[in-house]
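Single-structure report; data block below.
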Amino acid sequence: MDSHKPKGRLINLHGYSIESDGYEKYQTTKDVYFRSKPIIDKGNVIRYDKLVPEDCINPVGADIPPEEYIRIPKESYVLLIGHTLTKEVISGKEGNWYYVRLFPPCSGGYPTTSVEGWVFGEYIEKLKK
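Position one of the sequence shown corresponds to residue 1 (UniProt numbering), numbered consecutively onward.
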């Protein structure tokens with residue numbers, strides 16, 4: 001979704017009806033799953049280690065299991081593109097799914113490329129200025 005949509009417009013995105021959010025700046029509040037669809041299904045999880053260079057996640061000499069690199073790290077920067085029209089309850093929390101542009105962090109300073117996908121709204125907050 002490369003074109004900017006004004007906040008509050010209803011749009012169809014890959015078969016899902018969403019309301020546009022005008023690219024507001026947010027961050028994740030905990031390590032979160034990043035998904036290709038707004039549903040709970042292991043098959044649509046986009047692994048963090050597939051979004052960034054290996055040096056971002058596996059420091060030299062570290063022996064960290066691959067399952068540690070599934071979720072997007074806490075305080076990752078996202079731009080809100082839009083959200084689902086209905087709320088869901090997931091793990092006892094109620095919220096919308098948000099389609100976002102993620103800027104994957106890399107502690108090693110290596111360049112990363114932004115990518116779009118879904119996060120559950122209860123795990124993001126407005127970026128503090």
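Just so you know, even glycine gets a beta-carbon here, dropped at the ideal spot from N, CA and C.
No experiment lies behind these values; they were computed from the predicted model shown.
Unbroken beta strand (DSSP E) run spanning residue i, endpoints
{"i": "E116", "result": "115-120"}
{"i": "T28", "result": "16-28"}
{"i": "Y77", "result": "77-84"}
{"i": "L102", "result": "97-103"}
{"i": "I70", "result": "Unbroken run through I70: none, as it is neither H nor E."}
{"i": "K126", "result": "124-126"}
N- and C-terminal bounds of the alpha helix (DSSP H) containing residue i
{"i": "I57", "result": "54-57"}
Residue burial classification, residue i (beta-carbon count within 10 angstroms, cutoff 16)
{"i": "D2", "result": "With a pLDDT of 47 at D2, under the threshold of 50, the modelled position of this residue cannot be trusted; read the value that follows with caution. Label assigned to D2: exposed."}
{"i": "T28", "result": "buried"}
{"i": "P6", "result": "exposed"}
{"i": "P111", "result": "exposed"}
{"i": "L51", "result": "buried"}
{"i": "H14", "result": "exposed"}
{"i": "D84", "result": "Residue 84 is actually Thr in this sequence, not Asp. With 16 or more Cβ atoms within 10 Å of its Cβ, T84 is classed as buried."}
Given residue i as reference, the closest of the options once Cα atoms are compared
{"i": "D55", "options": "I11, S107, K93", "result": "S107"}
{"i": "K74", "options": "P53, P38, E125, N96", "result": "E125"}
{"i": "Y123", "options": "V78, T112, S114", "result": "V78"}
{"i": "V100", "options": "S20, D31, E88", "result": "S20"}
{"i": "P38", "options": "K87, F103, L102", "result": "K87"}
{"i": "L102", "options": "D41, S91, E24", "result": "E24"}
{"i": "I46", "options": "L127, K128, G117", "result": "G117"}
Beta-ladder partner(s) of residue i, from DSSP
{"i": "N12", "result": "S17"}
{"i": "R47", "result": "Answer by DSSP bridge pairing: none, since R47 is not bridged."}
{"i": "K93", "result": "I90"}
Cβ-Cβ separation, residue j to residue i (assumed contact under 8 Å), whole Å
{"i": "I72", "j": "D31", "result": "7 Å"}
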